[in-house]
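Asks: A single structure is presented below for examination.
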Amino acid sequence: MLRFLARRIGYLALMLGGLVLVTFVISNVTPADPAALAAGPDATPAMVATMRQEYGLDRPLPEQFARYVGDLLQGRLGRSIQTGNAVTEDLLRYVPASLQLVLLAMGFACAVGIPLGVLSAVRRHSLFDHAVRVLAVSGVALPAFWIALLLQLVLAVWAGWLPTGGQLSIAADPPPVLTGMVLLDSLLAGQWGTAGDAAAHAVLPAFVLSLPCLASVLRVNRAEMIEVLGSDHVTAARAHGVAPRRVVGLLALKNAMLPTLAIIGLRFGWMLGSTVLVETVFDWPGLGLYAVNAAIAADFKPVMGVTLTIGLLFMLANLLVDLAYGWLDPRTRGA
Amino acid sequence: MSLLEITGLALAFDGFEGRAHVLDGVSLSLEAGESVGIVGETGCGKSVLARSVLRLNPSPPARVTGGGIRFGGADVLAMDAAALRRLRGRDVGMVFQDPVTYLNPVFTVGRQMDEVIRAHEPHLSRAAIRARSVALLESVRLPEAAALLDRYPHELSGGMRQRVLIAEALAGNPRLLIADEPTTALDVTIQRQVLALIADLVRRLGLTLLLISHDLGVIGAACRRIVVMYAGAIVEDAPAEELFRAPLHPYTRGLLAAIPDLAHPERMPASIPGGIPDLRDPPRGCRFHPRCPLAMPVCSAAKPPLDPIEPGSCHRVACHAVARAADVAGAVPAGVPA
Amino acid sequence: MSDAALPALSRRARFRAEHAGTLRGARFFVWTFSRSPSALLGLALVLAFLLLAAIGPWIVPYPEDARGAVNLGRRLLPPSAAHWFGTDEMGNDILTRVVVGTRTSFWIGLTITGLAALVGVPLGVAAGYFGGRIRTAIMRVTDVFLAVPGLVLALAIVASLGPGILHGVLALTLVWWPGYVRLIEAKALTLRGESYVEAARTMGASHGWILARHILPNCVSPIVVKASMDMGMAILAAASLGFIGLGAKSPAPEWGAMISVGRGYMPDWWWYPAAPGLFIFLTVLGFNLFGDGLRDTLDPRSNRG
């Protein structure tokens with residue numbers, strides 16, 4: 051197991067290295083002149099030249115790359131023109147907010163998707179099954195930003211049941227910064243009022259974020275359950291008189307969870323990407339909003355920083371999925 | 134009262150290109166203590182028949198179109214879910230063909246046995262269940278039973294897995310054991326061991342056995358009574374030694390003639406001309422008549438009833454020609470030395 | 005009996021006999037596909053979408069709005085009989101703009117999917133078939149691209165290149181091609197291990213011949229399934245970029261951009277984003293259902309979400 055882990059971490063490092071190279075290439079193919087942008091719109095050519103020298107933009111590319119990597123290893127990701135802060139600083143502030151949303155969304159998607167998938171497989175061809183399948187297909191096809199706007203309009207603006215955006219109401223008492231995740235922090239600190247407020251703010255964005263994942267988990271789990279329920283060992287268990295609930299809920303489900311787990315890992319990535327859209331609609335101060343604002347302003351450093359961070363998070367998630375796979379399926383442990 | 138009574142069971146499968154009539158009015162009775170073997174080629178419906186006893190055929194696309202099944206007097210086809218659960222495992226145990234696919238790959242042997250035992254005795258303690266699992270594994274002659282409980286199926290050999298399946302089938306102390314091709318997926322050397330094990334268990338536990346195979350040798354070794362099936366119908370049903378000594382149905386005779394003679398290795402075994410019929414559009418009347426050397430006009434018009442050859446005999450044959458009695462001995466399928 | 009005796013009949017009968025296998029396969033395909041109501045719905049949606057893309061500009065109620073006419077007298081009107089989805093800030097009929105946008109979205113989806121497949125499939129085949137170092141190199145690069153969620157990478161690329169439809173399409177193509185490599189590499193690898201390929205090699209067949217005759221034809225069905233689903237997802241991704249403000253820009257009739265503009269007029273003129281979003285949804289839904297139906301028909305055993 052340890053060897054497996056070591057190998058995977060090594061591979062992860064390699065992928066991260068590749069990603070660093072890719073971000074470097076991306077930043078360098080820009081038609082815009084980063085030095086001119088950094089210098090600002092009123093800069094004279096002399097100032098731009100100075101900027102260029104300061105950023106090392108007049109050095110040959112391989113040297114620039116080496117410098118880039120060196121900076122990265124020291125945790126220096128540049129400075130954001132928009133916020134004025136070091137990108138690293140901004141990232142550390144925004145990662146927990148996005149993480150909170152993603153974890154909530156993922157939790158919801160699994161808590162609802164897996165049982166519904168099982169029920170749907172057991173009650174195949176029923177009305178329930180058809181309804182579930184429609185939900186599953188729609189969930190993936192719904193444009194996240196559109197459904198976000200609609201829900202925001204109906205539930206927040208018209209009905210007033212939920213807040214329209216942000217993480218906390220202005221009036222709320224902010225919790226101490228323990229993990230950076232507002233909801234968790236307020237719960238840990240025992241600030242129930244704040245927790246309730248944070249929860250209310252998180253409902254819509256987390257729900258919208260969860261929909262494609264919910265749909266995928268539902269589909270895959272249902273399909274896998276259908277296949278497993280038709281398998282020989284399930285027939286054998288039934289023949290031996292094992293109660294249907296245990297056949298389905300335990301014996302069959304554990305088999306079906308394997309591909310479901312794989313899809314969860316994949317969807318995690320999608321979810322991270324979708325934060326860009328959802329956070330924009332709900333003004334949620336996370337990585338996505340940070341990246342969008344930077345991208346529109348042609349502020350490259352934050353965009354690259356976010357790309358690397360999200361890439362790293364995704365790789366870690368995949369690693370976890372791989373480990374869980376090994377744990378769930380004893381046949382892969384030998385490998 | 135017979136332990137298992139199947140009367141006129143007809144079953145069909147709905148598929149892409151039509152409805153296949155897999156069972157065509159099968160009637161069979163088993164008394165307690167009997168060892169009966171059902172033999173027939175692939176596709177004759179023997180496995181479907183066996184699964185019907187426990188209603189294991191997936192219900193679309195399979196559909197019972199006639200007849201009934203009674204176990205210990207109770208109507209199996211009409212049973213509710215609870216009664217069916219009691220039937221499965223507690224009254225009737227089933228051993229399957231390929232232990233690779235019939236054992237759950239992601240649970241240990243112990244965990245799976247745990248589930249099966251718990252299904253019928255839910256109030257046993259963990260220790261009691263474990264003790265029972267060990268006892269069961271020992272009864273199927275698996276060494277180091279306690280260590281085996283923590284193994285996964287893919288870590289066991291084929292023969293060991295099959296024994297585990299047998300142990301699971303016996304976990305509920307059933308009265309009837311149905312073994313569906315229990316040796317087909319095993320090496321020849323292991324086959325004998327497993328067969329001997331089944332025969333021994335049947336004797337020791339006083340079980341009624343219904344053994345299904347396409348291999349006459351396997352059936353002959355373990356069963357006192359043999360039932361021959363062809364294309365969804367029973368064609369002959371006789372005590373084993375009588376069947377081997379004097380087979381009456383042309384299909385049975387063809388089957389026996391196809392066995393190579395070790396004493397005369399130079400002789401080619403005979404084959405039955407033609408092929409099994411398409412069950413979506415089976416031949417009218419007797420389903421064997423297109424391939425039968427004894428076919429008469431009545432054979433394509435009416436299905437021959439499965440009747441005893443003499444009143445009171447336990448040897449039944451479904452053949453118009455045989456029923457017409459007289460001298461059939463002269464007309465044997467081509468290729469068989471007289 | 006000469007063949008000339010009944011020429012027409014015997015030719016058709018001969019065709020039927022020769023291609024019996026394929027004909028049966030085709031009939032099975034149609035039978036299976038039509039048994040799924042969702043697949044048929046998908047097909048219907050896709051066909052409707054294609055129709056709109058083809059003849060949309062000619063059947064819209066307000067053709068001059070399609071070209072961005074300015075008609076401030078009727079700006080921001082709510083939905084009514086005259087304007088089913090209301091009008092936008094320029095006074096254009098939203099339904100008209102959305103229908104015209106169908107063509108835009110269609111070519112965006114087609115370009116992204118087509119280019120991605122064009123790049124990804126050969127790479128995938130090379131990786132799966134030739135194996136060894138070629139495979140390692142290709143798969144490593146593919147894995148790097150797949151390590152980042154697509155929308156984020158596309159965002160980064162467009163941020164660098166600058167906003168605009170073309171840059172958006174380019175960015176998304178770069179994000180999309182690795183998916184094809186992964187898919188085809190697995191398939192080619194499996195196919196390479198087939199006994200008939202081995203037999204062909206021992207008979208001296210060249211790589212090119214094997215690729216053309218055995219490998220590529222068997223790759224067609226997974227490609228077709230993936231391409232169908234990708235059309236919808238690519239359109240959605242492009243619209244997402246448009247929504248953020250990095251894709252198409254107004255007054256181009258791109259659905260995502262329209263929602264982006266419409267957002268600025270919410271909640272008072274709330275109907276603005278309704279139509280474009282609905283069209284995105286129906287389009288993606290159509291392609292997804294269609295692709296699903298294709299997959300269930302062509303390869304019923306595979307399970308992917």
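Protein chains in written order, with my numbering: chain A, 51 to 385; chain B, 134 to 471; chain C, 5 to 309. From the three backbone atoms N, C-alpha and C, an ideal C-beta is built for every residue, glycine too. Values in this document were obtained by computation on a predicted structure and should not be read as measured data.
Can you check whether the C-beta of L293/C is within less than 8 Å of a C-beta belonging to chain A?
Replies: Here residue 293/C refers to the residue found at position 289 when the third sequence is read from its first residue. Interface residue, yes.
Asks: Taking 8 Å as the threshold (C-beta atoms), are S148/A and T325/A in contact?
Replies: To locate residue 325/A, count along the first sequence from 1; it is residue 275. To locate residue 148/A, count along the first sequence from 1; it is residue 98. In contact: T325/A and S148/A (Cβ atoms closer than 8 Å).
Asks: Within 8 Å (strictly less), CB to CB, does P309/A reach chain B?
Replies: Position 259 of the first sequence, counted from the first residue, corresponds to residue 309/A. For P309/A, no CB of chain B lies under 8 Å from its own CB, so it is not counted at the interface with that chain.
Asks: Would you decide whether E202/C is buried or exposed? Buried here means 16 or more other CB atoms lie within 10 Å of its CB.
Replies: Here the question's residue 202/C lines up with position 198 in the third sequence. E202/C comes out exposed.
Asks: Look at the Cβ atom of G243/B, then the Cβ atom of L289/B, and state whether they are nearer than 8 Å.
Replies: As a first step, residue 243/B must be located in the second sequence, where it is residue number 110. As a first step, residue 289/B must be located in the second sequence, where it is residue number 156. Going by C-beta atoms, G243/B is not nearer than 8 Å to L289/B.
Asks: Out of F195/A, A56/A, P91/A, point me to the one whose CA is closest to L245/C's CA.
Replies: For the purposes of this step, residue 245/C is identified with residue 241 of the third sequence, where counting begins at 1. Comparing Cα-Cα distances from L245/C to each of F195/A, A56/A, P91/A, the minimum goes to F195/A.
Asks: Could one say the Cβ of V296/A lies closer than 8 Å to chain B's Cβ atoms, at least one of them?
Replies: Looking up residue 296/A in the first sequence gives position 246. The residue asked about is misnamed: residue 296/A is Arg in this sequence, not Val. Closer than 8 Å: yes.
Asks: Cutting at 7 Å between CB atoms, please list the residues of its own chain near A302/B, excluding the five before and the five after it.
Replies: Numbered from 1 along the second sequence, position 169 holds the residue referred to as residue 302/B. The beta carbon of A302/B lies closer than 7 Å to those of G226, M227, V228, L310 in the same chain, with the five residues before and after it left out.
Asks: Listed from N- to C-terminal order along the chain, which residues in the segment 171 to 185 of chain C have their beta-carbon within a distance smaller than 8 Å of any beta-carbon of chain A?
Replies: none
Asks: Could you check the C-alpha separation between L373/A and M143/C for me, to the nearest Å?
Replies: By 1-based counting over the first sequence, the position of residue 373/A is 323. By 1-based counting over the third sequence, the position of residue 143/C is 139. Each residue's Cα considered, the two are about 21 Å apart.
Asks: Would you say G299/A lies against chain C (beta-carbon separation less than 8 Å)?
Replies: The residue given as residue 299/A occupies position 249 in the first sequence. So no, G299/A is outside the interface.
Asks: Please go through the segment 183 to 210 of chain C and give each complete alpha helix (DSSP H) segment of 4 or more residues, from N-terminal end onward.
Replies: Scanning the segment 183 to 210 of chain C from its first residue to its last, the whole alpha helix (DSSP H) runs of 4-plus residues come out as 199 to 206.
Asks: Please state the DSSP three-state secondary structure of R274/B.
Replies: Position 141 of the second sequence, counting from 1, holds the residue named residue 274/B. R274/B: coil per DSSP, three-state reduction.
Asks: Please determine, among I352/B, P307/B, A145/B, the residue with the shortest C-alpha to C-alpha distance to A329/B.
Replies: Reading the second sequence from its first residue, position 196 is the one you call residue 329/B. A329/B has its Cα closest to that of I352/B, out of I352/B, P307/B, A145/B.
Asks: Sort D140/A, L71/A, A99/A by Cα distance to R113/A and report the nearest one.
Replies: The residue you call residue 113/A lines up with position 63 of the first sequence. Just to set this straight, residue 113/A is Glu in the shown sequence, not Arg. Among D140/A, L71/A, A99/A, the Cα nearest to that of E113/A belongs to L71/A.
Asks: Which term fits G60/C, buried or exposed, when burial requires 16 or more other beta carbons within 10 angstroms of its beta carbon?
Replies: For the purposes of this step, residue 60/C is taken as residue 56 along the third sequence, with counting starting at 1. Classification for G60/C: buried.
Asks: Write down the C-beta distance between L439/B and H154/B rounded to the nearest angstrom, noting that I regard them as a contact closer than 8 Å.
Replies: Sequence index remark: in the second sequence, residue 439/B carries index 306 (1-based). Sequence index remark: in the second sequence, residue 154/B carries index 21 (1-based). In fact, because the Cβ distance is near 17 Å, the residues do not count as touching under 8 Å.
Asks: Taking the CB atoms as reference points, tell me whether A366/B and R296/B lie closer together than 8 Å.
Replies: Here residue 366/B is taken as the residue at index 233 of the second sequence, counted from 1. Here residue 296/B is taken as the residue at index 163 of the second sequence, counted from 1. Going by C-beta atoms, A366/B is not nearer than 8 Å to R296/B.
Asks: Could you check whether F294/C and L47/C sit closer than 8 Å to each other, using their CB atoms as the reference points?
Replies: Start at 1 with the first residue of the third sequence, and residue 47/C comes out as number 43. Start at 1 with the first residue of the third sequence, and residue 294/C comes out as number 290. The answer is yes: Cβ separation under 8 Å.
Asks: With a Cβ-Cβ cutoff of 8 Å, do W334/A and V328/A count as a contact?
Replies: Here residue 334/A refers to the residue found at position 284 of the first sequence. Here residue 328/A refers to the residue found at position 278 of the first sequence. Yes, Cβ-Cβ distance for W334/A and V328/A is below 8 Å.
Asks: With DSSP as the reference, please indicate the residues paired to D313/B in a beta bridge.
Replies: Translated into the one-based positions of the second sequence, residue 313/B becomes position 180. According to DSSP, which records beta bridges pairwise, D313/B is partnered with I345/B.
Asks: For A364/B and I171/B, what's the separation of their Cα atoms in angstroms?
Replies: Locating residue 364/B in the second sequence gives position 231, where the first residue counts as 1. Locating residue 171/B in the second sequence gives position 38, where the first residue counts as 1. Spanning the two alpha carbons is a distance of roughly 13 Å.
Asks: Is the shortest distance between the beta-carbon of F195/A and the beta-carbons of chain C less than 8 Å?
Replies: Locating residue 195/A in the first sequence gives position 145, where the first residue counts as 1. Yes, because at least one Cβ of chain C sits closer than 8 Å to the Cβ of F195/A.
Asks: Can a CB atom of chain C be found closer than 8 Å to the CB of W320/A?
Replies: Along the first sequence, read from residue 1 onward, the residue named residue 320/A stands at position 270. So, interface residue.
Asks: Check each residue of the segment 229 to 258 of chain A: if its Cβ is closer than 9 Å to any Cβ of chain B, include it; give the result in chain order.
Replies: none
Asks: For chain B, is any of its Cβ atoms less than 8 Å away from the one on H290/A?
Replies: Counted from its first residue, the first sequence places residue 290/A at position 240. Closer than 8 Å to some Cβ of chain B, the Cβ of H290/A qualifies, so yes.
Asks: What three-state label does DSSP hand L210/B in the structure shown?
Replies: Numbered from 1 along the second sequence, position 77 holds the residue referred to as residue 210/B. If DSSP states are grouped into helix, strand and coil, L210/B belongs with coil.
Asks: So, at 7 Å on beta carbons, what are the nonlocal neighbours of A278/B in its own chain, with the 5 sequence-adjacent residues on each side left out?
Replies: On the second sequence, position 145 is the one that residue 278/B refers to. Once the five neighbours on either side are set aside, the close Cβ partners of A278/B are V267, L270, E271.
Asks: Residues in the same chain with beta-carbon distance under 8 Å from S38/C, minus the five sequence neighbours each way, listed in chain order, please.
Replies: On the third sequence, position 34 is the one that residue 38/C refers to. Within the same chain, S38/C has close Cβ partners L44.
Asks: Which term fits M207/C, buried or exposed, when burial requires 16 or more other beta carbons within 10 angstroms of its beta carbon?
Replies: To locate residue 207/C, count along the third sequence from 1; it is residue 203. M207/C comes out exposed.
Asks: G124/C touches chain A at which residues, Cβ-Cβ below 7 Å?
Replies: Residue 124/C sits at position 120 when you count from the first residue of the third sequence. Chain A residues near G124/C: none, gap ~17 Å exceeds 7 Å.
Asks: So which residues on chain B does L212/A lean against when the C-beta distance must stay under 7 Å?
Replies: One-based indexing of the first sequence puts residue 212/A at position 162. By Cβ distance, chain B contributes nothing, its closest Cβ being about 41 Å from L212/A, past 7 Å.
Asks: Do S259/C and V102/C have their C-beta atoms within less than 8 Å of each other?
Replies: For this step, residue 259/C is matched to residue 255 along the third sequence. For this step, residue 102/C is matched to residue 98 along the third sequence. Reading off the sequence, residue 259/C comes out as Trp, not Ser. Judged by beta-carbon spacing, V102/C lies within the 8 Å limit of W259/C, meaning their Cβ atoms are closer than that value.
Asks: I'd like the list of long-range same chain contacts for A250/A, defined as Cβ closer than 8 Å, with 5 residues on each side in sequence excluded.
Replies: Taking the first residue of the first sequence as position 1, residue 250/A is located at position 200. L212, P213, listed in sequence order.
Asks: How about G323/A and N368/A: are their beta carbons less than 8 Å apart?
Replies: Locating residue 323/A in the first sequence gives position 273, counting from the first residue. Locating residue 368/A in the first sequence gives position 318, counting from the first residue. No; because the gap between Cβ atoms is not below 8 Å, this pair is not in contact.
Asks: Where does the unbroken alpha helix (DSSP H) through R126/A begin, and where does it stop?
Replies: Taking the first sequence and counting its residues from 1, one reaches residue 126/A at position 76. Here R126/A belongs to no alpha helix (DSSP H), and DSSP marks it neither H nor E.
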